[in-house]
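Undergrad: Provided herewith is a single structure, encoded as structure tokens, for subsequent inquiry.
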Amino acid sequence: MIYTLPVTGVFTTNVYFLIDQETKHGFLIDPGANADLILEVIERYGFQIEKILITHGHFDHIGAAEEVSQKLQAPIYIHEKGERYIMDPIWNLSEENGLKVVLKDVQYIKHGDVIALESNPHIRVQVMHVPGHTTDGVVFYSKEEQAAFVGDSIFKGSLGISDFYGGDEVQLFTEVITKILTLPEDTVLYSGHSGPTTVGSERARICRNMVE
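To convert, note that position 44 of the sequence shown is 49 in this note's numbering; the numbers rise steadily by one, no gaps.
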């Protein structure tokens, strides 16, 4: 099952839980702020978070990761190109917002990796490297759940922004078209800052825009 928890720091970001209904073990995706609220929800519902997954290294997606990781003893996973972001408050945009967010204890992943729960390996996500918003952007795709956690690569009704450090507008458009929008059309896209949408809906929207 997938649960959404909006958290607000400087911005409001969607935190996601991908949870095995039987064991209540699961993944926590993009704990961007408000560690106390995230931990409260985990305790309230009896979730056992095995791994913390990061779609990209901007501060509003990693801001609560260290505290939650330490409290739960759950490792943090980020793309191998994310080191610059997690170590540099300028690149992760926290400094310009009056913060200094740094992550040090992480495990690096790459395109094509499959991350599974220890308690139930059938609950798993495939790592898809989708740069353009940042150089380290990834999508976590669950074929079984027909879901993709897309970070800020694409939103409901729009592409992500590409004018931050490491961003590239042409690359982002190309990566979204060739990787995200080639997934099955009923795949639900869960983004960092909008409601859910589907591959089919976004593919149709982009096709209409190109024709117009």
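Heads up, the beta-carbon is just placed ideally off N, CA and C, and yes, glycines get one too. Keep in mind that this is a model prediction, so the values were computed, not measured.
Classify tyrosine 21 as buried or exposed, calling it buried when 16 or more other Cβ atoms lie within 10 Å of its own Cβ.
TA: buried
Undergrad: Using CA coordinates, which residue listed in Leu194, Leu44, Ser163 and Cys212 is at the minimum distance from lysine 148?
TA: Leu194
Undergrad: Going by Cα to Cα distance, which pick from Gln53, Asn102 and His116 is closest to glycine 87?
TA: His116
Undergrad: Since glutamine 53 is in the beta strand (DSSP E), which residue starts that stretch and which ends it?
TA: Going by DSSP, glutamine 53 is part of the beta strand (DSSP E) stretching over 53–58.
Undergrad: How far does the alpha helix (DSSP H) with phenylalanine 178 in it extend, from its first residue to its last?
TA: 174–180
Undergrad: Should methionine 6 be labelled buried (16 or more other beta-carbon atoms within 10 Å of its own) or exposed?
TA: Residue environment for methionine 6: exposed (fewer than 16 other C-beta atoms within 10 angstroms of its C-beta).
Undergrad: Alpha helix (DSSP H) containing leucine 44: first to last residue?
TA: 40–50
Undergrad: Could you please give me the residues that DSSP links to arginine 129 through a beta bridge?
TA: Paired residues: Ala121.
Undergrad: Is the distance from the Cβ of isoleucine 54 to the Cβ of aspartate 35 below 9 Å?
TA: no
Undergrad: Mind the definition here: the region 131–141 touches the region 33–50 only if three or more C-beta pairs lie below 8 Å; say whether that holds.
TA: no
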